[in-house]
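Asker:
In the numbering used here, the protein residues as written are 64 to 193.
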């Protein structure tokens, strides 16, 4: 089961980042849940849809590697700029937005600098009844 559908304002974390970030889905030709646009697997534009995660700790990031080398091997985090070459995986193929599978709460993005970006909160408000 893919889990809840992800919408704009969903909270994300990166395994190599130091801070959470909110997903900002552009509201262009979209399906909405409430008043929030639903995320599709191609919604992964760095610094527009996927914000920075504060400081990056990955030594595969050239900026971090260079700063760490200059600090004589002491890990030196540098500002995060997500490097996202591929879409969210896996999408939920049973629900499409603009012909693309939607992002589910279990989907993830892989950063070129070895980070795994995961959804920690779908962005949908939970309604408790009863």
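Note that CB positions come from ideal geometry on N, CA and C, so glycine has one too.
(1) Following the continuous alpha helix (DSSP H) through residue 127, name the residue where it begins and the one where it ends.
(2) Could you tell me which residues DSSP pairs with residue 75 in its beta bridges?
(3) Note down the Cα distance separating residue 122 from residue 134, rounded to an integer number of angstroms.
(4) What separation, rounded to the nearest whole angstrom, lies between the Cα atoms of residue 96 and residue 164?
(5) Between the C-alpha atoms of residue 184 and residue 74, what's the straight-line distance to the nearest angstrom?
Answerer: Straight from the coordinates:
(1) Locating residue 127 in the chain shown gives position 64, counting from the first residue. 125 to 133 is the extent of the alpha helix (DSSP H) around residue 127.
(2) On the chain shown, position 12 is the one that residue 75 refers to. Answer by DSSP bridge pairing, in chain order: 84, 182.
(3) Along the chain shown, read from residue 1 onward, the residue named residue 122 stands at position 59. Along the chain shown, read from residue 1 onward, the residue named residue 134 stands at position 71. Going by the C-alpha atoms only, they are around 13 Å apart.
(4) Along the chain shown, one-based indexing puts residue 96 at 33. Along the chain shown, one-based indexing puts residue 164 at 101. A direct Cα-Cα distance of roughly 15 Å separates residue 96 from residue 164.
(5) Counting from 1 along the chain shown, the entry for residue 184 is found at position 121. Counting from 1 along the chain shown, the entry for residue 74 is found at position 11. Cα-Cα distance, rounded: 5 Å.
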